[in-house]
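Notes for the one structure printed next.
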Amino acid sequence: MIVTLWGTRGTFPVPGAATVRHGGDTSCLSVEWDKSVLVIDAGTGVRPLGQDLAGRDVDVSVLLTHIHGDHVLGLPFFRPLWEKDRTVVIFDADTDEGPWSPLALLDGRHFPVRAAALPAYARRIAGNPIPHLAGQGLGLARQRCNHQGVTYGYRIGEPGRDFVFMPDNELASTSPERIPFDDFVQFAEGASVLAHDAQFTEQELPRRAGWGHSCIEDACALADAAGVGQLVLVHHDPWRSDDQLDALVEAARSRTRVPVVAGRDGMRFEF
Numbered sequence: 367m368i369v370t371l372w373g374t375r376g377t378f379p380v381p382g383a384a385t386v387r388h389g390g391d392t393s394c395l396s397v398e399w400d401k402s403v404l405v406i407d408a409g410t411g412v413r414p415l416g417q418d419l420a421g422r423d424v425d426v427s428v429l430l431t432h433i434h435g436d437h438v439l440g441l442p443f444f445r446p447l448w449e450k451d452r453t454v455v456i457f458d459a460d461t462d463e464g465p466w467s468p469l470a471l472l473d474g475r476h477f478p479v480r481a482a483a484l485p486a487y488a489r490r491i492a493g494n495p496i497p498h499l500a501g502q503g504l505g506l507a508r509q510r511c512n513h514q515g516v517t518y519g520y521r522i523g524e525p526g527r528d529f530v531f532m533p534d535n536e537l538a539s540t541s542p543e544r545i546p547f548d549d550f551v552q553f554a555e556g557a558s559v560l561a562h563d564a565q566f567t568e569q570e571l572p573r574r575a576g577w578g579h580s581c582i583e584d585a586c587a588l589a590d591a592a593g594v595g596q597l598v599l600v601h602h603d604p605w606r607s608d609d610q611l612d613a614l615v616e617a618a619r620s621r622t623r624v625p626v627v628a629g630r631d632g633m634r635f636e637f
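Using the working numbering, the letters of the sequence shown correspond one by one to residues 367 to 637.
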C-alpha cells in the first residue's frame, strides 16, 4: 500500500515562492494498492494526482472527508474524469441534509461542463463506502470529527501498516456536541502514521475557537496518547510560509516523543 499526500494546505491554495517546499495545494491524499487507487479529498492537490494517473490501468475512486470548498474545488480538473472509456467511482458525502454528490459541482452554473457530458463514466455510489472498498481489498474505518457539518477522519490499511488521516478536526472543541479526545485516541491508537489537522498554534487557537481546527500542540498530545509511529502535521494555515512551518515543526519536536514532520505535497509513505 502506498499513501501519497498531494495537497496539505487548508482553507485556500497558496502558490508562490514562500510555499515551494511544503506546497500550496489544498487537501488531497491517494492510497494505492494492487490495481486500485482511492482518492481522499479533491482539493487542488487532485490536479497533479490526476496527471499522475493519466492513462494508467487502475481502478479509481474518490471519497471526501467533508464537502467544504478546499476539499472539493479540484474535482472538475481531475484528469481521469476527462478520459474516454474510464470509470471513476465517486462516493456521495454525508451532510446534515442527507447525501450529497460531488458531481453536483458540475452543474453548468458553478462549472461550465455538466457531469453528464464528461468523457469518463462517473459512477455515483451512495451509502457507507467501507463495504465497497473492503470488496476491493482495502481496510478502512472512519471516525466523526469535530468540524462544521458531517466530517470524517479515516484509518486506512491494516494494523501495523496503517495511516490515519484527519485533516479537519478540533481536538479542543468546547461544543456541547463535541466528540471527546479519548475517542480520537482510541481511533488512532497504535497507527503507523497519524496525519492530523495542525492549522494553528497554541497562542492562536483561543481567537479561533469553534473554527473546527486544532493547534500543533494538541496534535502532538494526540500522537503521544495514541502511541502512533509518526505524526504528520497537515492542513497548514495558508498564511504560513515554509520557513514559518519549519520553525513550528522544530518547536513541536520538543513537545512529543513521536517523530514529527510537516506534510508536504508529494510526500509518500509505503507500507
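Quick reminder that beta carbons are idealized off the backbone N, C-alpha and C, glycines included. In this text, all values refer to a predicted model and were calculated from it rather than measured experimentally.
Whether residue i touches residue j by CB criterion (8 Å)
{"i": "Gly382", "j": "Val412", "result": "no"}
{"i": "Leu447", "j": "Ala488", "result": "yes"}
{"i": "Ala538", "j": "Asp584", "result": "yes"}
{"i": "Leu560", "j": "Ala589", "result": "yes"}
{"i": "Ile491", "j": "Asp458", "result": "yes"}
{"i": "Asp608", "j": "Arg422", "result": "no"}
{"i": "Ala486", "j": "Val438", "result": "no"}
{"i": "Asp563", "j": "Val516", "result": "no"}
{"i": "Ile368", "j": "Glu555", "result": "no"}
{"i": "Met545", "j": "Arg508", "result": "In the sequence as presented, Met is not what sits at residue 545; that position holds Ile. No, Cβ-Cβ distance for Ile545 and Arg508 is not below 8 Å."}
{"i": "Leu395", "j": "Thr370", "result": "yes"}
Assigned secondary structure, residue i (DSSP; H/G/I helix, E/B strand, else coil)
{"i": "His434", "result": "coil"}
{"i": "Ala492", "result": "coil"}
{"i": "Gln509", "result": "strand"}
{"i": "Ala575", "result": "coil"}
{"i": "Thr370", "result": "strand"}
{"i": "Trp399", "result": "strand"}
{"i": "Ala564", "result": "coil"}
{"i": "Gly416", "result": "helix"}
Candidates the options: closest to residue i by CA position
{"i": "Leu499", "options": "Trp372, Ala408, Pro442 and Ile456", "result": "Ile456"}
{"i": "Trp372", "options": "Gly390, Ser427, Thr385 and Gln509", "result": "Gly390"}
{"i": "Asp473", "options": "Gly464, Pro442 and Asp462", "result": "Pro442"}
{"i": "Ile496", "options": "Arg475, Tyr520, His513 and Asn512", "result": "Tyr520"}
{"i": "Arg527", "options": "Thr540, Val397, Ser467 and Pro379", "result": "Val397"}
{"i": "Glu449", "options": "Leu471, Ser427, Leu484 and Gly435", "result": "Leu484"}
{"i": "Asp400", "options": "Gly505, Leu415 and Trp466", "result": "Gly505"}
{"i": "Asp460", "options": "Ala587, Gln552, Val403 and Tyr518", "result": "Tyr518"}
Residue i versus residue j - alpha carbon distance
{"i": "Arg480", "j": "His579", "result": "33 Å"}
{"i": "Gln565", "j": "Ile582", "result": "7 Å"}
{"i": "Thr453", "j": "Val424", "result": "10 Å"}
{"i": "Pro525", "j": "Gly493", "result": "25 Å"}
{"i": "Pro542", "j": "Asp612", "result": "35 Å"}
{"i": "Val426", "j": "Arg445", "result": "11 Å"}
{"i": "Arg375", "j": "Ser393", "result": "6 Å"}
{"i": "Asp631", "j": "Leu571", "result": "25 Å"}
Check whether the stretch 423–437 touches the stretch 529–536, taking contact to mean three or more Cβ pairs, one atom from each stretch, closer than 8 Å. yes
Determine, using beta-carbon pairs with one atom in the stretch 471–485 and one in the stretch 499–510, whether at least three such pairs fall under 8 Å. no
Okay, do the stretch 543–559 and the stretch 592–602 touch, 3+ Cβ pairs below 8 Å being the bar? Touching, per the Cβ criterion.
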